[in-house]
Amino acid sequence: MPGLIERYMDRLPFEPGDPIITLDEGSTPLVQAPRLSERVGAEVWLKLEGANPTGSFKDRGMTCAVSAAVRDGARAVICASTGNTAAALAAYAARAGIRGVVIVPEGKIAMGKLAQALMHGAQVVALQGNFDRALELVRKVAARHPIALVNSVNDFRIEGQKTAAYEIAEALGDLDALCIPVGNAGNITAYWRGFREVGLSPRMFGFQAAGAAPLVHGSPVAAPETVASAIRIGNPARWEQAMDAMTSSRGGVDAVSDEQILDAYRFLARDEGVFCEPASAASVAGLLAHGAGGAQRVVCVLTGHGLKDPDTALASVGGVIPCAPELDMIERVIVGQGLS
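In structure tokens:
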């Protein structure tokens, strides 16, 4: 399957002959969730963005941002990140053969994401501050040096990410509501842009972690905290656009606790067979806790794969069962777990 720029070039700011930096991103699964549907009394679908090449939706925006940077002659790209943007930047910079630099909050990035950024050869700087300060600094660096900023303040990121809305429209034809995690607020902005371009207007419901919910409170959060590290952001860069998406669509924004996020995270893995990272489960936690305005066909966006954050996964489940290498011992363990 071709990458999303090739698939949707007529609706993206690229022309034939432009350099395209791609890992064949996009075309991610949209799967129905029967047990979740039963719980909420609606037809619920899950958009599995963790199936992108680096395991998150960020690849959609990064193929466009890095392709545009290369087209414009950039020799390096930079971003601030809670993790997924860092991994995507590093991969696409490696693919392009240019330098990648990421600034992450010290001690606040999941190990799976840090490993990706380092393995792809990016320069990783651990800032003694939060994401919001990191973004402030990289914007200044990009303004002073010939290095392309590829955070979601870069509109090419939004252009790439809107293609997920195209895919949902192609698969379902129509939907009543979209539930989506909100951190820096670029993704909900992108989905709304994509839906409007294909003539759809589902109600947009954004969900933030309770400890990092500036849009819910109406003011920035100075020290955001949540187990959902991908949305641990206190001052979203796309604040106004995200609020416009939710108000224009007659949707809304609400908060979910870490406990609700982790409950949804475990539910998806054990009851739907879908392993996502904690921040992704905020969309489902929000649907379970707050509903979607009576919508009958709902899509929940799961933004990243569960392997992005193995430490949280291992801390959320029971341990491995030790057993001697004997048949009777194996049978005893299996029967003891309710099998026969």
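Numbering (this note's numbering), first residue to last: 1201 to 1540.
Glycine is no exception: its CB is placed at the ideal position from the N, C-alpha and C atoms.
Because the structure is a prediction, the values reported are computed rather than measured.
Beta-bridge partners assigned by DSSP to S1256: G1504.
Within the segment 1399 to 1425, the runs of beta strand (DSSP E) that reach at least 3 residues and sit entirely inside it are, in chain order, 1403 to 1409. For G1494, no pairing in a beta bridge is given by DSSP. Around A1464, the same chain offers A1481, V1484, A1485, L1488 as residues with beta carbons nearer than 7 Å, after the five sequence neighbours per side are excluded.
With a threshold of 16 other beta carbon atoms within 10 Å, Q1328 falls short and is exposed. Where E1440 is concerned, the enclosing alpha helix (DSSP H) starts and stops at 1439 to 1448.
Restricting attention to W1439, E1472, L1372, the CA atom closest to the CA of S1237 is found in E1472.
If you compare the alpha carbons of C1476, A1385, P1424, K1508 with that of V1453, the shortest gap goes to A1385. In the three-state reduction of the DSSP assignment, P1522 falls in the coil class, being assigned neither a helical nor a strand state. Annotated three-state conformation of D1454 is strand, per DSSP.
Relative to P1202, the option among P1402, R1260, V1244, P1213 whose CA is nearest is R1260. Residue environment for M1446: buried (at least 16 other C-beta atoms within 10 angstroms of its C-beta). P1305: member of the beta strand (DSSP E) spanning 1299 to 1305, first to last residue.
If you ignore the 5 residues before and after C1523, its C-beta comes within less than 8 Å of the C-beta of M1529, I1530, V1533, all in its own chain and listed in chain order.
For L1335, the enclosing alpha helix (DSSP H) stretches over residues 1331 to 1344. Comparing C-alpha distances from G1399 to each of R1235, A1412, G1373 shows the shortest one belongs to G1373. For E1243, the enclosing beta strand (DSSP E) has its first and last residue at 1243 to 1248. Counting along the chain, no beta strand (DSSP E) covers P1234; the unbroken alpha helix (DSSP H) around it starts and ends at 1234 to 1240. In the three-state scheme derived from DSSP, where H, G and I count as helix and E and B as strand, A1294 is classed as helix. With a beta-carbon spacing of about 19 Å, A1276 and I1220 fall beyond the 8 Å limit used to define contacts. Beta-bridge annotation (DSSP): P1381 is paired with F1407. It is roughly 20 Å from the alpha-carbon of P1305 to the alpha-carbon of A1410.
In this structure, V1325 lies near I1303, with their beta-carbon atoms less than 8 Å apart. Ranked by Cα distance from T1228, the options D1272, E1526, T1503, L1514 are led by T1503. Remark: fewer than three beta-carbon pairs, one from each stretch, lie closer than 8 Å, so the segment 1262 to 1282 and the segment 1229 to 1248 are not flagged as touching. Scanning I1309, R1470, L1349, E1206 for the CA closest to the CA of V1517 turns up R1470. Counting only residues of its own chain and dropping the five nearest sequence neighbours on each side, A1294 has a CB closer than 6 Å to the CB of H1320, G1321. In this structure, R1497 places its C-beta atom within 8 Å of the C-beta atom of D1376.
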